[in-house]
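See structure below.
Quick look at the structure:
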């Protein structure tokens, strides 16, 4: 499942959802397009969402480029550097193109996640 993440006015990144948490990834994919307002924390961009899901295969760690769902938020998270989640997340995919875009993201930026056409 290929997706696109746009930071409105700043650019787009490509990503692919994977099978680390397949049910979470599938349910999120079905909700796209998904708009949000960006928040930044260390080397992470995230936004709150209304879709409430449980932990599937929770992980305490992420790698650079990981896309995750954080059930306590609930929030959609993009880890673009070496920072780690505050608590366990469901890793659902990876940024495949333009990871450096997220370094330009600021609190309040509009983000849209959509299915790649």
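Numbering (the numbering used here), first residue to last: 10 to 126.
Even for Gly, the Cβ is constructed at its ideal location relative to N, Cα and C.
Those residues which DSSP pairs with residue i across a bridge
i, result
"residue 44", "121"
"residue 102", "26, 76"
"residue 70", "BP columns for residue 70 are empty, so no partner."
"residue 50", "53"
"residue 85", "56, 78"
DSSP-derived helix/strand/coil call for residue i
i, result
"residue 33", "helix"
"residue 55", "strand"
"residue 19", "coil"
"residue 13", "strand"
"residue 115", "coil"
"residue 126", "coil"
Beta carbon proximity, residue i to chain D, threshold 9 angstroms
i, result
"residue 83", "Going by chain labels, chain D is absent from the structure shown, which holds only one protein chain."
Spatial neighbours of residue i in its chain, beta-carbon cut-off 8 angstroms, leaving aside the 5 residues before and after
i, result
"residue 17", "118, 119, 120, 121"
Integer Cβ distance of residue i from residue j, believed to fall under 8 angstroms
i, j, result
"residue 41", "residue 113", "That pair is no contact at about 22 angstroms."
"residue 84", "residue 50", "The Cβ separation is near 10 angstroms, so there is no contact."
"residue 30", "residue 101", "5 angstroms"
Cut-off 6 angstroms between Cβ atoms - residues of its own chain near residue i, not counting five sequence neighbours on either side
i, result
"residue 21", "13, 15"
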